[in-house]
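Chemist: Once you know that position 18 of the sequence shown is 89 in the working numbering, the rest is easy, because the numbers rise by one and skip nothing.
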Amino acid sequence: PVTLDPNTAHPKLFVSNDLTSVRLSDEEQSLPDNPERFNEYMSILGSKGLTSGTHCWDVEVGDCSRWFVGVMTESAQRKGEIYSRNGIWCLEYYD
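#1: Measure the alpha-carbon distance for serine 146 versus asparagine 157 and round it to whole angstroms.
#2: Label serine 118 either buried or exposed according to how many other C-beta atoms from any shown protein chain fall within 10 Å of its C-beta, with 16 as the threshold for buried.
#3: Taking contact to mean at least 3 C-beta pairs separated by less than 8 Å, is the segment 119 to 131 in contact with the segment 94 to 110?
#4: In angstroms, rounded to a whole number, what distance separates the CA positions of glutamate 99 and proline 72?
#5: Whole angstroms are fine: how far does the CA of proline 77 sit from the CA of glycine 133?
#6: Buried or exposed: where does phenylalanine 109 fall if 16 or more other Cβ atoms within 10 Å of its Cβ makes it buried?
#7: Less than 9 Å separating the beta-carbons of threonine 91 and isoleucine 115?
Okay, structure coming up:
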């Protein structure tokens with residue numbers, strides 16, 4: 072499984088104790104506003120980056136009616152409105 076990096080999680084994303092799953096809440100946690108953390112978009116990164124090769128993941132979304140999954144470069148913008156999508160690739164599902 073992908074190990075999530077809680078230091079990047081938006082304050083409305085609650086990360087499981089084993090760092091392998093996340094859930095969205097209406098409540099916002101009080102977390103430090105470190106440079107790695109997303110503060111506008113509900114996003115979180117994995118703790119291990121990739122630089123080359125072919126990779127795949129199985130993602131369990133349960134009965135969610137809307138979800139996103141994607142990859143991004145380490146240098147992609149994390150603070151404020153993300154106007155430039157440079158370095159971000161994302162899939163969205165909604166019903």
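Cβ coordinates follow ideal geometry from the N, Cα and C atoms, glycine included.
Modeler: For this structure:
#1: 9 Å
#2: exposed
#3: no
#4: 26 Å
#5: 21 Å
#6: buried
#7: no
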